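Here is the structure we will look at.
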Amino acid sequence: MRIAVFCSASTKIDQKYVDFGFEVGKAIAEQGWDVAWGGGTLSMMGSVSRGARSVGGKTFGVIPQKLVGKEFADEEATELFITESMRSRKAMLEDLSNGFLILPGGIGTMEEFMEIWVARHLGYHQKPIVVCDPFDFYRDLRTFLNSLKAERFTSSAHDELLTWSTQIPGAIAAFRGSTKPPNLI
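All residue numbers for the sequence shown refer to the numbering used here, where the first residue is -1 and numbers rise by one.
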């Protein structure tokens, strides 16, 4: 099993998020699963990969050439793939992974989250999508999503494509039913 983790690369966020990222990476690797992520060493993003490797986990980073210097490509990754663009980065992460874990993050994380959710809704994949939010970071997003449903722009069928968890063990449990292998490169 390989889980793609989408989260912040901002160096300005509170340390609690960085520490949380480390614990998430560690928890994934403790299941014997691999981590796929954006390939950078900064902030939460880098912390997830370091957490996985701290307990012997394998990490598969995917980073666009343009960001190699900005996000400091993680040369300690089990495998580091360098892509031409953000679009090819996301496509490779989707292909490499059995499921997607969304952690707190900014507009990049939101874009990845929404794209992978829409792709599942449209039937491009059947991989689980889990949001792990112990800090109630996504409270306002959930309110907005409920307003979309109330106005019938979305339905409860959209909700059924996501699992929301407030704790790491709950997020891990949500992936256990998935057995579809990733498209390994």
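In this text, a Cβ means the ideal position worked out from N, Cα and C, and glycines have one as well. Just so you know, these numbers come straight off a predicted model, no measurement behind them.
Count Cβ pairs between the region 11 to 27 and the region 38 to 49 that sit closer than 8 angstroms; are there 3 or more? They touch, by the three-pair rule.
If I measure Cβ to Cβ from Y122 and keep anything under 7 angstroms in the same chain, skipping five residues before and after, which residues do I get? Nothing meets the Cβ criterion.
Which residues does DSSP list as the beta-bridge partners of C130? BP columns for C130 point to S163.
How would you call F151, buried or exposed, if buried means at least 16 neighbouring beta carbons within 10 angstroms? Burial call: exposed.
Runs of beta strand (DSSP E) lying entirely within the region 5 to 91, each at least 3 residues, in chain order: Listed in chain order, they are 32 to 35, 57 to 62, 77 to 81.
Hey, quick one: how far does the alpha helix (DSSP H) through F98 stretch, first residue to last? For F98, no alpha helix (DSSP H) run applies; the uninterrupted beta strand (DSSP E) run containing it begins and ends at 97 to 100, by DSSP.
What three-state label does DSSP hand R150 in the structure shown? Taken through DSSP and simplified to helix, strand or coil, R150 comes out as coil.
Report yes or no: do the region 24 to 40 and the region 112 to 121 share at least 3 C-beta pairs separated by less than 8 angstroms? No contact exists between the region 24 to 40 and the region 112 to 121.
Spell out the partners DSSP gives R0 in its beta bridges. According to DSSP, R0 bridges with D32.
Can you tell which of D12, T39, M(-1), A7 has its C-alpha closest to the C-alpha of I26? Taking each of D12, T39, M(-1), A7 in turn and checking the Cα distance to I26, the smallest one comes out for M(-1).
Less than 6 angstroms between C-beta atoms, sequence neighbours within five positions excluded: which residues of the same chain meet that for E77? So the qualifying residues of the chain are F58.
Expressed to the nearest angstrom, what Euclidean distance is found between the alpha-carbon atoms of G168 and D72? The alpha-carbon separation between G168 and D72 amounts to approximately 28 angstroms.
Using only the alpha-carbon positions, how far apart do F18 and M42 sit? Take the alpha-carbon of F18 and the one of M42: they are about 8 angstroms apart.
If I follow the unbroken alpha helix (DSSP H) through F135, where does it start and stop? Per DSSP, F135 belongs to no alpha helix (DSSP H) and is neither H nor E.
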